[in-house]
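Novice: Here you go, one structure.
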Amino acid sequence: MKARVYVTMKKGVLEPQGRAVARSLASLGYGEVKGVRIGKVMDIEMKDVTEERAEKLLEEICQKLLANPVIEDYTFEIVDDRKS
Amino acid sequence: MKGGVLVFPGSNCDHDCYHVLKHVFKMDTDFVWHKETSLEGYDLVVVPGGFTYGDYLRTGAMAKLSPVMSALKTFVNRGGPVIGICNGFQILLEAGLLPGAMMANVSLKFICDHVYLRTETQDTPFTSNLQRGSVLKIPVAHYQGNYMASPETLLELEDNDQIVFKYCDAGGNVVESANPNGSVKNIAGICNRERNVVGMMPHPERCSEPELGSVDGKHIFESVIDSLAGKVP
């Protein structure tokens, strides 16, 4: 089973890299870009788990390691690779 | 009296900390490899700076899972003094031994410079020889030193006198222009509620001998050694 985890800076936390990228886009002439926030995507492969169990484990590992809940939010999704 | 300097893969200020304890203060000192599971017999533990595990995922995020960290928690729970310097501070934050988190410097630049710190509290084993308001000149060298905490945590830090050092100018004024990295409220160092764990971004071990241009860092080690010897109430 494959899962994709997204870790992003919490709302209201200044994200300096995104701000720098937004400025660069503005200097390239893309005035339409209002803001950029950079986060992380992690692709995770799991074995011997049901979807329900996988979601429980993903929640746990996000809390314990993948995200720092002080500054980051996380979401994840199960990617069904059996159909592809 | 025995000091332990933790060594993780990627620690690089371990030798400097060891040198200060062992050769400047003549303290019996060991390097303690991160796979160790006990800190029995140590009176002081230093979590040194560096780039543990290449700063993968987040600074300190991997190191917090090393076996020695459970031993460190036991050491902290029985009141042992611990100082985390730079990456050591980041590790203590990730491990939950200190509140808050570190982010990239607002400038997005690695900063290697001397900064001034104002001592905010005398009430920790590492600042007991200093006065509240004392100004220290100590070098910083970091990319992720932008301290951040929730408004509730900041309020707690202030209410419980847990802010240990703030970035200031040479005259001891805590002003925005003296803030090298964007840290909230110019925070350079904090302690836990029980006061035995201190984390700071600047490097006192790099300025503890006259040959290095400043001995301001020495006061921090001297304080804890005197505290342990019972010279300070």
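Order-wise, the sequence lines are chains P and Y.
No gaps in the numbering here: position 41 of the first sequence is 41 in our numbering, and each next residue is one more.
No gaps in the numbering here: position 161 of the second sequence is 161 in our numbering, and each next residue is one more.
Cβ atoms here follow ideal geometry from the backbone N, Cα and C, with glycine treated the same way.
1. Using a Cβ cut-off of 8 angstroms, pull out every chain P residue sitting near residue 106 of chain Y, in sequence order please.
2. Near residue 160 of chain Y, which residues of its chain fall below 7 angstroms by C-beta distance, leaving aside the five closest residues on each side in sequence?
3. With DSSP collapsed to three states, give me the class of residue 203 of chain Y.
4. What runs of the alpha helix (DSSP H), each 4 residues or longer, lie entirely inside the segment 52 to 132 of chain Y?
5. In this structure, how does DSSP classify residue 84 of chain P when only helix, strand and coil are distinguished?
6. Flag this pair as touching only if the segment 171 to 187 of chain Y and the segment 93 to 108 of chain Y have three or more C-beta atom pairs under 8 angstroms; answer yes or no.
7. What does DSSP give as the partner residue(s) for residue 43 of chain P in the beta ladder?
8. Run down chain P in chain order and give the residues with a C-beta less than 8 angstroms from the C-beta of residue 100 of chain Y.
9. Kindly indicate which residue of P:38, P:51, P:79 and P:13 has the alpha-carbon position closest to the one of residue 22 of chain P.
10. Around the C-beta of residue 146 of chain Y, are 16 or more other C-beta atoms found within 10 angstroms, so that it is buried, or is it exposed?
11. For a test of the three-state rule: what should DSSP assign to residue 214 of chain Y, helix, strand or coil?
12. Closer than 8 angstroms, CB to CB, is residue 63 of chain Y near chain P or not?
13. Can you pull the chain P residues whose beta carbon is under 9 angstroms from the beta carbon of residue 1 of chain Y, in chain order?
14. State the start and end residues of the unbroken alpha helix (DSSP H) segment that holds residue 166 of chain Y.
15. I'd like to know if residue 156 of chain Y contacts chain P, where contact means its C-beta is closer than 8 angstroms to some C-beta of that chain.
16. Taking the beta carbon of residue 221 of chain Y as the centre, do at least 16 other beta carbons fall within 10 Å, making it buried, or is it exposed?
17. Flag this pair as touching only if the segment 127 to 144 of chain Y and the segment 111 to 119 of chain Y have three or more C-beta atom pairs under 8 angstroms; answer yes or no.
18. Less than 7 angstroms between C-beta atoms, sequence neighbours within five positions excluded: which residues of the same chain meet that for residue 20 of chain P?
19. Please list, in chain order, all residues of the same chain as residue 31 of chain Y whose beta carbon is under 7 angstroms from its beta carbon, the five residues on each side excluded.
20. Are the C-beta of residue 200 of chain Y and some C-beta of chain P separated by less than 8 angstroms?
21. Using a Cβ-Cβ distance cut-off of 8 angstroms, determine whether residue 40 of chain Y contacts chain P.
Specialist: Working from what's here:
1. As a working mapping, residue 106 of chain Y is identified with position 106 in the second sequence. Under the 8 angstroms cutoff, chain P gives 14 and 16.
2. As a first step, residue 160 of chain Y must be located in the second sequence, where it is residue number 160. 193.
3. On the second sequence, residue 203 of chain Y is found 203 positions in, with the first residue counted as 1. The answer is coil: DSSP assigns residue 203 of chain Y none of H, G, I, E or B.
4. 68 to 77 and 87 to 94
5. By 1-based counting over the first sequence, the position of residue 84 of chain P is 84. Residue confidence is low: residue 84 of chain P scores 48 on pLDDT, short of 50, so the model does not pin down where it sits. Its coordinate-derived value is still stated next. Residue 84 of chain P falls in the coil class under three-state DSSP.
6. yes
7. Locating residue 43 of chain P in the first sequence gives position 43, counting from the first residue. Answer is P:4, bridged to residue 43 of chain P.
8. Position 100 of the second sequence, counting from 1, holds the residue named residue 100 of chain Y. Residues of chain P passing the Cβ test: 70.
9. Counting from one through the first sequence, the residue named residue 22 of chain P turns up at place 22. The shortest C-alpha separation from residue 22 of chain P is found at P:38.
10. In the second sequence, the residue the question calls residue 146 of chain Y occupies position 146. By the 10 Å Cβ count, residue 146 of chain Y comes out buried.
11. In the second sequence, the residue the question calls residue 214 of chain Y occupies position 214. Residue state, collapsed to three classes: strand.
12. Locating residue 63 of chain Y in the second sequence gives position 63, where the first residue counts as 1. Answer no: the Cβ-Cβ gap between residue 63 of chain Y and chain P never drops below 8 angstroms.
13. Indexing the second sequence from 1 puts residue 1 of chain Y at position 1. Here the premise fails: no neighbours, minimum Cβ distance about 35 angstroms.
14. To locate residue 166 of chain Y, count along the second sequence from 1; it is residue 166. Taken as a continuous stretch (DSSP letters only), residue 166 of chain Y belongs to no alpha helix (DSSP H), being part of the beta strand (DSSP E) at 163 to 168.
15. Translated into positions along the second sequence, residue 156 of chain Y becomes position 156. No, residue 156 of chain Y does not count as interfacial toward chain P.
16. As a working mapping, residue 221 of chain Y is identified with position 221 in the second sequence. Buried is the call here.
17. yes
18. Here residue 20 of chain P corresponds to residue number 20 of the first sequence, with the count starting at 1. Excluding positions up to five away in sequence, the list is empty.
19. Stepping through the second sequence from its first residue, residue 31 of chain Y is reached at position 31. Counting only Cβ-Cβ distances below 7 angstroms, and skipping sequence neighbours, we find 5, 7, 14 and 18.
20. Position 200 of the second sequence, counted from the first residue, corresponds to residue 200 of chain Y. Closer than 8 angstroms: no.
21. Position 40 of the second sequence, counted from the first residue, corresponds to residue 40 of chain Y. No, its Cβ sits nowhere closer than 8 angstroms to a Cβ of chain P.
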